[in-house]
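To start, the structure under review is shown below, and the notes come after it.
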Amino acid sequence: MQIPEPVHENAAEPVVLVVMGVSGCGKTTVAALLADRLGWPFEEGDALHPQANIDKMAAGHPLNDDDRWPWLEKVAQWVGERLDRRENGVITCSALKRSYREVINRRGSGVEFVFLAGTQETIAARLASRHGHFMPPELLASQFAALEEPGPDEPGARFDIGPAPADIARNIIDTLGLA
Numbered sequence: 055m056q057i058p059e060p061v062h063e064n065a066a067e068p069v070v071l072v073v074m075g076v077s078g079c080g081k082t083t084v085a086a087l088l089a090d091r092l093g094w095p096f097e098e099g100d101a102l103h104p105q106a107n108i109d110k111m112a113a114g115h116p117l118n119d120d121d122r123w124p125w126l127e128k129v130a131q132w133v134g135e136r137l138d139r140r141e142n143g144v145i146t147c148s149a150l151k152r153s154y155r156e157v158i159n160r161r162g163s164g165v166e167f168v169f170l171a172g173t174q175e176t177i178a179a180r181l182a183s184r185h186g187h188f189m190p191p192e193l194l195a196s197q198f199a200a201l202e203e204p205g206p207d208e209p210g211a212r213f214d215i216g217p218a219p220a221d222i223a224r225n226i227i228d229t230l231g232l233a
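Just so we're aligned, residue 55 is where the sequence shown starts under the numbering used here, counting upward by one.
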């Protein structure tokens with residue numbers, strides 16, 4: 055992933071941060087902190103899943119591409135609505151594959167992918183202590199198997215999940231020049 059040119063609050067063009075990574079990497083926590091600190095609208099991408107997807111994952115079955123396309127279209131729609139309104143925003147989405155990110159960033163501008171990266175062992179430990187989420191820890195391996203880390207030609211940056219969420223959010227804001 056390339057380190058983007060700084061995106062300033064008063065820039066002419068809006069930006070939508072897509073906080074991405076496998077389940078359990080901290081997308082929701084970090085994205086909520088970013089949205090709060092920046093004063094930007096926030097959407098939990100999981101809330102856009104069709105009920106059939108939630109039921110499938112809750113039953114321990116990984117999603118396939120056919121399951122994901124309608125959901126990714128909803129994520130892309132939310133992103134597009136922000137950009138059409140010339141608003142900044144923050145949304146979570148696993149965005150595991152390049153093809154998924156291409157759907158979300160179909161305009162070719164206005165999106166910055168914030169990739170939260172960690173080891174499978176670290177994230178498995180987090181998932182083991184998480185309760186009340188439809189995504190069971192047993193599906194983590196399928197997420198890592200599907201993950202195509204963003205390339206240097208994609209907009210955004212990679213952030214390690216080791217630090218505290220508040221520190222990760224601060225690092226994102228500083229790295230992307232959002233302060």
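Cβ coordinates follow ideal geometry from the N, Cα and C atoms, glycine included.
Compare the Cα-Cα distances from residue i to each of the options and report the closest residue.
{"i": "Asp138", "options": "Thr146, Pro124, Arg161", "result": "Arg161"}
{"i": "Ala85", "options": "Thr173, Phe169, Gly164, Pro104", "result": "Phe169"}
{"i": "Lys128", "options": "Thr173, Val157, Glu166", "result": "Val157"}
{"i": "Pro95", "options": "Gln105, Arg140, Asp119, Gln197", "result": "Arg140"}
{"i": "Cys79", "options": "Gln105, Gly93, Leu87, Gln174", "result": "Gln174"}
{"i": "Glu67", "options": "Gly143, Ala195, Ala200", "result": "Gly143"}
{"i": "Thr83", "options": "Pro204, Thr146, Val133, Asp207", "result": "Thr146"}
{"i": "Ala220", "options": "Gln131, Met74, Ala89, Gly75", "result": "Ala89"}
{"i": "Pro206", "options": "Ile226, Gly216, Phe167", "result": "Phe167"}
{"i": "Gly216", "options": "Gly93, Thr176, Leu201, Ala195", "result": "Thr176"}
{"i": "Leu201", "options": "Val165, Asp119, Ala218", "result": "Asp119"}
{"i": "Arg155", "options": "Ala199, Ala113, Leu117, Pro204", "result": "Pro204"}
State the start and end residues of the unbroken alpha helix (DSSP H) segment that holds residue i.
{"i": "Glu202", "result": "Glu202 -> no alpha helix (DSSP H), and no H or E assigned at all."}
{"i": "Asp221", "result": "219 to 229"}
{"i": "Glu175", "result": "174 to 182"}
{"i": "Lys81", "result": "81 to 92"}
For residue i and residue j, which I take to be in contact (beta-carbon distance under 8 Å), what is that distance rounded to the nearest angstrom?
{"i": "Ala171", "j": "Arg224", "result": "Actually they are not in contact, since the Cβ atoms of Ala171 and Arg224 sit about 17 Å apart, beyond 8 Å."}
{"i": "Ser77", "j": "Leu232", "result": "With 8 Å as the limit, Ser77 and Leu232 do not qualify as a contact, their Cβ atoms being about 26 Å apart."}
{"i": "Val70", "j": "Arg136", "result": "5 Å"}
{"i": "Trp125", "j": "Leu102", "result": "6 Å"}
{"i": "Ser148", "j": "Gly75", "result": "7 Å"}
Indicate whether at least one CB of chain B lies closer than 9 Å to the CB of residue i.
{"i": "Gly78", "result": "No chain B appears in this structure, which consists of one protein chain only."}
Have a look at the DSSP bridge pairing and note the partners of residue i.
{"i": "Thr146", "result": "Val73"}
{"i": "Arg212", "result": "Phe169"}
If I follow the unbroken beta strand (DSSP E) through residue i, where does it start and stop?
{"i": "Glu166", "result": "165 to 171"}
Exercise. Is the segment 176 to 184 close to the segment 100 to 116, with three or more CB pairs under 8 Å?
Worked result: no
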